[in-house]
């Protein structure tokens, strides 16, 4: 039994992002009973229990059928005596996520919920009513961020403060914080909520400075129950704006009012931001949204098409998803192009039409970003030979650039792990996966490496 669970851990570690593996799988405690052929998985809290049951238990049972010649019993229950394992293995992320209320509310409790749009002052919140948790497609790339946002929405000011969400352009950060704001209002219509872009806050500071109305400015922001501020990297170099936000931040947190921040990079990598602000962003929880995996990209496309009452075939969705990997906006833009092309020519939406509509995008993608281009660009950047990319050398000066090239190949091309491994000297797909996970983890800790990745990505994309 223990050998089987060790195999399960290895499988999940190879299949899940490190953050999710540590939070959901490694946090489980295991008890085995070989005599009764029983495996007990014990979750440290109810939230993790529900999450594992809904998303990962089927996978464990599937692995068990492959591993054992005869059926075994797998139980999943709440750990009555949790150990310190969770804190050690998940970096306190899963431990801090408190138990979410059961979504199957009674009729009586459901009556207290309201549709935020029906509130008379909803327009002042600047929230988008179409951005909710129900309309957000969830996958491995964003389920940790979504879970944290849902918890904050139920307990604003007490769960994580601030909640800092970061990730590249077009990955759904804005959708997520709007969803959080709408959910807060659904539970607590009396809360004063304000969503704004960082540039709007900057404009408010300039206006207050010009009109000598800083007292009004301070009263307005300090009266908020929830402040949702988007793209805080735009505070770069704006000293007075940062100073005022520093005071607002302190006032709101001390009053147990909720702050939610989004950014395109990890807090410590934000250029031109004061250290005292960065240190305060670490007070709460920082979660990353990663580029969506293939299955999630397909789901996003199909859901977007369904919202426009259009049935999108799996083959068309797969074509778009395979060729556009970086963000959701590009996916939706490609879908709109296909739909417009079909309407203009009065033709049925099928694979042939999609290829015709997207021939420029697909052609440019296939022409510009190849594994060979990535290998040459990375080799030139790190001043090594292209041949080192597929050599057996393992010294750090060569191994790290090779791992970087593998990560970029996974991020910028539709090639599978085995295809990437073959291009790098016939390496196994697990070697590629290990390289991708290593770089993904290091970029959060090493600002120089993160800068290298950004420069290389922009260079390769042209």
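In the working numbering, the protein residues as written are 504 to 965.
Think of the CB as a built atom: it goes at the ideal place given N, C-alpha and C, for glycine as much as any other residue.
With DSSP collapsed to three states, give me the class of residue i.
| i | result |
| --- | --- |
| residue 534 | strand |
| residue 733 | strand |
| residue 774 | coil |
| residue 640 | coil |
| residue 765 | strand |
| residue 748 | helix |
| residue 635 | coil |
| residue 852 | coil |
| residue 650 | helix |
| residue 693 | coil |
| residue 618 | coil |
| residue 808 | helix |
| residue 571 | coil |
Using C-beta distances below 6 angstroms, list every residue in its chain close to residue i, excluding the 5 sequence neighbours before and after it, in chain order.
| i | result |
| --- | --- |
| residue 797 | 824 |
| residue 517 | 936 |
| residue 681 | 630, 631 and 634 |
Leaving out five residues on either side along the sequence, give the residues of the same chain with a beta carbon under 7 angstroms from the beta carbon of residue i.
| i | result |
| --- | --- |
| residue 701 | 732, 733, 734, 735, 737 and 738 |
| residue 504 | 535, 537 and 542 |
| residue 660 | 759, 760 and 761 |
| residue 639 | 649, 675, 678, 679 and 682 |
| residue 803 | 640, 795, 831 and 834 |
| residue 931 | 924 |
| residue 909 | 923, 927, 935, 938 and 939 |
| residue 889 | 878, 879 and 882 |
I need the boundaries of the alpha helix (DSSP H) containing residue i, first residue and last residue.
| i | result |
| --- | --- |
| residue 881 | 874-885 |
| residue 724 | 717-725 |
| residue 700 | Segment 696-700 is the beta strand (DSSP E) holding residue 700; no alpha helix (DSSP H) there. |
| residue 541 | Counting along the chain, residue 541 falls outside any alpha helix (DSSP H), though it belongs to the beta strand (DSSP E) covering 541-546. |
| residue 680 | 676-690 |
| residue 948 | 932-948 |
| residue 816 | From DSSP, residue 816 is part of no alpha helix (DSSP H); its letter is neither H nor E. |
| residue 626 | 625-628 |
Taking the alpha-carbon positions, what's the residue i to residue j distance?
| i | j | result |
| --- | --- | --- |
| residue 850 | residue 842 | 10 angstroms |
| residue 944 | residue 643 | 16 angstroms |
| residue 650 | residue 625 | 25 angstroms |
| residue 800 | residue 713 | 46 angstroms |
| residue 770 | residue 574 | 48 angstroms |
| residue 671 | residue 768 | 7 angstroms |
| residue 755 | residue 763 | 11 angstroms |
| residue 740 | residue 861 | 40 angstroms |
| residue 514 | residue 728 | 43 angstroms |
| residue 582 | residue 699 | 42 angstroms |
| residue 960 | residue 692 | 44 angstroms |
| residue 863 | residue 510 | 45 angstroms |
| residue 507 | residue 753 | 49 angstroms |
| residue 814 | residue 921 | 32 angstroms |
| residue 786 | residue 664 | 7 angstroms |
| residue 539 | residue 527 | 26 angstroms |
| residue 809 | residue 684 | 25 angstroms |
I'd like the span of the beta strand (DSSP E) that includes residue i, first residue to last.
| i | result |
| --- | --- |
| residue 789 | 788-791 |
| residue 528 | Taken as a continuous stretch (DSSP letters only), residue 528 belongs to no beta strand (DSSP E), as it is neither H nor E. |
| residue 577 | 576-581 |
| residue 841 | Segment 831-848 is the alpha helix (DSSP H) holding residue 841; no beta strand (DSSP E) there. |
| residue 927 | Premise fails: residue 927 is in no beta strand (DSSP E) and is neither H nor E. |
| residue 667 | 666-669 |
Hey, out of the options, whose CA is closest to residue i's CA?
| i | options | result |
| --- | --- | --- |
| residue 676 | 794, 687 and 720 | 794 |
| residue 689 | 622, 896, 894 and 704 | 622 |
| residue 876 | 927, 896 and 571 | 927 |
Leaving out five residues before and five after residue i in sequence, what residues of the same chain have Cβ atoms less than 8 angstroms from its Cβ?
| i | result |
| --- | --- |
| residue 578 | 541, 542, 543 and 544 |
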